[in-house]
Amino acid sequence: MTGVRQISVFASNRPGKTAAITGVLAEAGINIMGMNIASSGDFGVIKFLVNDLEKADRALREKGFTISLNEVLAIEMEDVPGGLHRIADLLYRKNINVEYSYGLPMKPHRNAILIIEVEDVEQAKLLLKNEPLRFLSEPEIQKERG
Amino acid sequence: MIWNPAAEAVPLKERQSLQLERLRRIVDLAYHRVPFYRKSLDRIKLKPGHIKTLKDIEKLPFTTKDDLREGYPFGMFAVKLEEIVEFHTSSGTTGKPIVTGYTRGDIELWSEVMARALTMAGAGPQSIIQNAYGYGLFTGGLGTHYGARKIGAALVPISAGNTARQLQVMQDFGTTLLACTPSYSLYLAETAEEQAGGLRRLKLKSGCFGAEMWTERMRDEIERRLHLKALNIYGLTEVIGPGVAQECLRQSGLHIAEDHFFPEIISPETLRTCPEGESGELVLTTLTREGTPILRFRTKDITSLHREDCKCGRNSIKMARITGRSDDMLKVRGVLFFPSQIEKALLEIKGVEPHYQIILTRPHQLDEIEIQVETTRHIFSDEIKRLEELRSQIEKHLEHAINLRVKVTLVEPKKLPRSEGKAKRIVDNRQM
Numbered sequence: 001m002t003g004v005r006q007i008s009v010f011a012s013n014r015p016g017k018t019a020a021i022t023g024v025l026a027e028a029g030i031n032i033m034g035m036n037i038a039s040s041g042d043f044g045v046i047k048f049l050v051n052d053l054e055k056a057d058r059a060l061r062e063k064g065f066t067i068s069l070n071e072v073l074a075i076e077m078e079d080v081p082g083g084l085h086r087i088a089d090l091l092y093r094k095n096i097n098v099e100y101s102y103g104l105p106m107k108p109h110r111n112a113i114l115i116i117e118v119e120d121v122e123q124a125k126l127l128l129k130n131e132p133l134r135f136l137s138e139p140e141i142q143k144e145r146g
Numbered sequence: 001m002i003w004n005p006a007a008e009a010v011p012l013k014e015r016q017s018l019q020l021e022r023l024r025r026i027v028d029l030a031y032h033r034v035p036f037y038r039k040s041l042d043r044i045k046l047k048p049g050h051i052k053t054l055k056d057i058e059k060l061p062f063t064t065k066d067d068l069r070e071g072y073p074f075g076m077f078a079v080k081l082e083e084i085v086e087f088h089t090s091s092g093t094t095g096k097p098i099v100t101g102y103t104r105g106d107i108e109l110w111s112e113v114m115a116r117a118l119t120m121a122g123a124g125p126q127s128i129i130q131n132a133y134g135y136g137l138f139t140g141g142l143g144t145h146y147g148a149r150k151i152g153a154a155l156v157p158i159s160a161g162n163t164a165r166q167l168q169v170m171q172d173f174g175t176t177l178l179a180c181t182p183s184y185s186l187y188l189a190e191t192a193e194e195q196a197g198g199l200r201r202l203k204l205k206s207g208c209f210g211a212e213m214w215t216e217r218m219r220d221e222i223e224r225r226l227h228l229k230a231l232n233i234y235g236l237t238e239v240i241g242p243g244v245a246q247e248c249l250r251q252s253g254l255h256i257a258e259d260h261f262f263p264e265i266i267s268p269e270t271l272r273t274c275p276e277g278e279s280g281e282l283v284l285t286t287l288t289r290e291g292t293p294i295l296r297f298r299t300k301d302i303t304s305l306h307r308e309d310c311k312c313g314r315n316s317i318k319m320a321r322i323t324g325r326s327d328d329m330l331k332v333r334g335v336l337f338f339p340s341q342i343e344k345a346l347l348e349i350k351g352v353e354p355h356y357q358i359i360l361t362r363p364h365q366l367d368e369i370e371i372q373v374e375t376t377r378h379i380f381s382d383e384i385k386r387l388e389e390l391r392s393q394i395e396k397h398l399e400h401a402i403n404l405r406v407k408v409t410l411v412e413p414k415k416l417p418r419s420e421g422k423a424k425r426i427v428d429n430r431q432m
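Each protein sequence line maps, in turn, to chains A and B. Going by the working numbering, the residue at position 12 of the first sequence is 12; the numbering climbs one at a time, nothing skipped. Going by the working numbering, the residue at position 348 of the second sequence is 348; the numbering climbs one at a time, nothing skipped.
This is the structure:
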């Protein structure tokens, strides 16, 4: 189970803020594989799963953005009714709390990848070790993404 | 090292008798040569001859910024223009500027007190002084220049601004003493940290930081990031410029050049003189200025005076770090506080940097106060709930510090203006 890392960016909650960040990524030639925006009144946090984390990190830092990198779990999810429920139910039974989550499609559009962020990644990995779940690594996500 | 032991380390009695002699002379001179002083002394039927002891200074009326402004441009001069060799002015942001005129003797006096200040900060002929105070009508640049010249240090008259060049000179020349505003020193550190290689090659030993209010927390921050001894310097255009007082390497208050500038502390409300050690407004009398002598100038700066034999060998009276301005005190919903209290409280929270702005509004006939704090990587979390926790933690801490409910907003880094001169901390949008 190799770690998948995402990059989180602090942004004021105002028009144009997302564009300012995606502009930096576009200019640096970085491909965004998945994203999630959460906001709270005056500010928000934008999370990205990208094809070149180091480069994205450098580019955003240089432009003065406040960022952080953290590990998430990437789990293959069946694109059928109950697909998400099967995973959610498993997490519930292991008492793992989801902080953030977003999904991305997989080739050939039959399955999807569920990205979940939990409080303690190491512990979650341990608890889910023997479960019938397929965890994807960064190269696997790049290869199997739709 | 002490630049002038005969002035900075003499028995108190000797200094006081010199002060009295000079006080009597300056009152006499001001009375006879400056119509403003003749009028104000006549009004209370006081003659220069009535000044017989140092305590008698309390009989003299105060001089305010407005008095000086009314004399614009040369009304407060005690000499003919042909004896003036240089002018300086206050920034004049709040009306007509205040003009101060220097005779040759005044420039010599200024060089002398700045020589004392730089020596107090550890400088000498072997030092390389980078003078990042602005040159021009502002006194910071030239005052430091004259002092550096006097002690024979190698001076870099780089003036304010152009951060990239400042950093290059600092590294390539091997600057040992940095002179600039405290906020600019942090800006320099921040810019340098972003460059590859950072600040490794610096030879800085000390810094003379002044021209704006700062705190002990900021001192810790500057010392940690620039690896130097951060020292407080104090002065004001109306009196002479920088050099009125300077902190020695002991960092326990600023030694006032009291043989030239006589200090008192008054209560800004009652205008009565406060006993030593009590906090109040600093009042200064120039004992030796020739061009524009000033009697009992109300500086509006809040500090306190302490007399002790300092371990540095000097026994000149010390003033504490300025904690506020009697006219800058903010009054919000009836509560009085100094902006510096906000800064102090902010810096008590781990990871928070001194980049903030205080915004005052009055949306519904009621004052609201918002503090914008930059979200740097030290406090950033990718979890919204953590950021919300931090925000309310800051709010609670500030509320506790100033007894006022405040709204805290987390903003992107460097959104707040970084000044190359004085930082703009307060935006007052209240319609009065």
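Beta carbons: idealized from backbone N, C-alpha and C, even for Gly.
Closer than 7 Å: residue i CB and nearest the ligand GDP heavy atom
{"i": "G124(B)", "result": "Among the components modelled here there is no ligand, and therefore nothing to report on the ligand GDP."}
Contacts around residue i, its chain only, beta-carbon distance under 7 Å, and the 5 residues preceding and following it disregarded
{"i": "G71(B)", "result": "F36"}
{"i": "F173(B)", "result": "I128, V156"}
{"i": "Q357(B)", "result": "Q372, L416, R425, V427"}
{"i": "D67(B)", "result": "F36"}
{"i": "G31(A)", "result": "Here residue 31(A) turns out to be Asn, not Gly, going by the sequence shown. Taken in chain order, the residues that qualify are V50, N51."}
CB contact check: residue i to chain A, cutoff 8 Å
{"i": "I384(B)", "result": "yes"}
{"i": "V352(B)", "result": "no"}
{"i": "R377(B)", "result": "yes"}
{"i": "K414(B)", "result": "yes"}
{"i": "V427(B)", "result": "no"}
First and last residue of the uninterrupted beta strand (DSSP E) at residue i
{"i": "A7(B)", "result": "Looking at the DSSP string, A7(B) is not in any beta strand (DSSP E); the run it does join, the alpha helix (DSSP H), is 5 to 8."}
{"i": "P263(B)", "result": "261 to 266"}
{"i": "Q126(B)", "result": "Careful: Q126(B) lies outside any beta strand (DSSP E) and carries neither H nor E."}
{"i": "T191(B)", "result": "From DSSP, T191(B) is part of no beta strand (DSSP E) but of the alpha helix (DSSP H) over 182 to 194."}
{"i": "V427(B)", "result": "426 to 428"}
{"i": "V118(A)", "result": "111 to 118"}
{"i": "R298(B)", "result": "297 to 303"}
{"i": "E99(A)", "result": "98 to 105"}
{"i": "G174(B)", "result": "Looking at the DSSP string, G174(B) is not in any beta strand (DSSP E), and its letter there is neither H nor E."}
{"i": "Q246(B)", "result": "241 to 247"}
Cβ of residue i within 8 Å of any chain B Cβ
{"i": "E138(A)", "result": "no"}
{"i": "N70(A)", "result": "yes"}
{"i": "G64(A)", "result": "yes"}
{"i": "A11(A)", "result": "yes"}
{"i": "F43(A)", "result": "yes"}
{"i": "L8(A)", "result": "This sequence places Ser at residue 8(A); Leu is not what is there. Closer than 8 Å to some Cβ of chain B, the Cβ of S8(A) qualifies, so yes."}
{"i": "K54(A)", "result": "Residue identity differs from the one stated: residue 54(A) is Glu in this sequence, not Lys. No, E54(A) lies away from the interface with chain B (no Cβ there is under 8 Å from its Cβ)."}
Bounding residues of the alpha helix (DSSP H) (the contiguous stretch that carries residue i)
{"i": "T163(B)", "result": "163 to 169"}
{"i": "M218(B)", "result": "216 to 226"}
{"i": "S12(A)", "result": "That residue, S12(A), is in no alpha helix (DSSP H); its beta strand (DSSP E) goes 4 to 12."}
{"i": "M120(B)", "result": "104 to 120"}
{"i": "T139(B)", "result": "139 to 151"}
{"i": "L128(A)", "result": "121 to 128"}
Cα-Cα separation, residue i to residue j
{"i": "Q126(B)", "j": "Q393(B)", "result": "48 Å"}
{"i": "L128(A)", "j": "V121(A)", "result": "11 Å"}
{"i": "Y440(B)", "j": "V244(B)", "result": "Not covered by the structure: residue 440(B). The range shown for chain B is 1 to 432."}
{"i": "A112(A)", "j": "E388(B)", "result": "32 Å"}
{"i": "G64(A)", "j": "T175(B)", "result": "28 Å"}
{"i": "L231(B)", "j": "E193(B)", "result": "22 Å"}
{"i": "G421(B)", "j": "I359(B)", "result": "Confidence is the limiting factor: at G421(B) the pLDDT is only 48, short of 50, which leaves the residue's position unreliable, though a coordinate-based value still follows. Going from the Cα of G421(B) to the Cα of I359(B) covers about 20 Å."}
{"i": "A153(B)", "j": "T270(B)", "result": "45 Å"}
{"i": "A30(B)", "j": "A78(B)", "result": "7 Å"}
{"i": "D328(B)", "j": "G207(B)", "result": "26 Å"}
{"i": "D220(B)", "j": "A20(A)", "result": "35 Å"}
{"i": "P182(B)", "j": "G235(B)", "result": "15 Å"}
{"i": "V406(B)", "j": "E368(B)", "result": "7 Å"}
{"i": "A115(B)", "j": "H260(B)", "result": "14 Å"}
Cut-off 6 Å between Cβ atoms - residues of its own chain near residue i, not counting five sequence neighbours on either side
{"i": "D79(A)", "result": "R110, N111, A112"}
{"i": "G83(A)", "result": "M77"}
{"i": "S12(A)", "result": "F43"}
{"i": "L81(B)", "result": "none"}
Close Cβ partners of residue i (< 8 Å) along its chain, the five nearest in sequence each way excluded
{"i": "I67(A)", "result": "I7, S8, V9, F10, D57, L60, R61"}
{"i": "H400(B)", "result": "A345"}
{"i": "S111(B)", "result": "Y146, G147, R149, K150"}
{"i": "F380(B)", "result": "L387"}
- prompt: Mind pulling the alpha helix (DSSP H) runs of 4 or more residues that sit fully within the stretch 29 to 65 of chain A?
  reply: 53 to 62
- request: Please list the segments of the alpha helix (DSSP H) lying wholly inside the stretch 34 to 102 of chain B, counting only runs of 4 or more residues, in order along the chain.
  value: 35 to 43, 65 to 70
- prompt: What residue ranges within the stretch 333 to 405 of chain B form continuous alpha helix (DSSP H) runs of no fewer than 4 residues, ordered along the chain?
  reply: 339 to 347, 384 to 402
field: Contacting positions in the stretch 27 to 43 of chain A - beta carbon closer than 7 Å to chain E
entry: Considering every chain present, this structure includes no chain E. Its protein chains are A and B.
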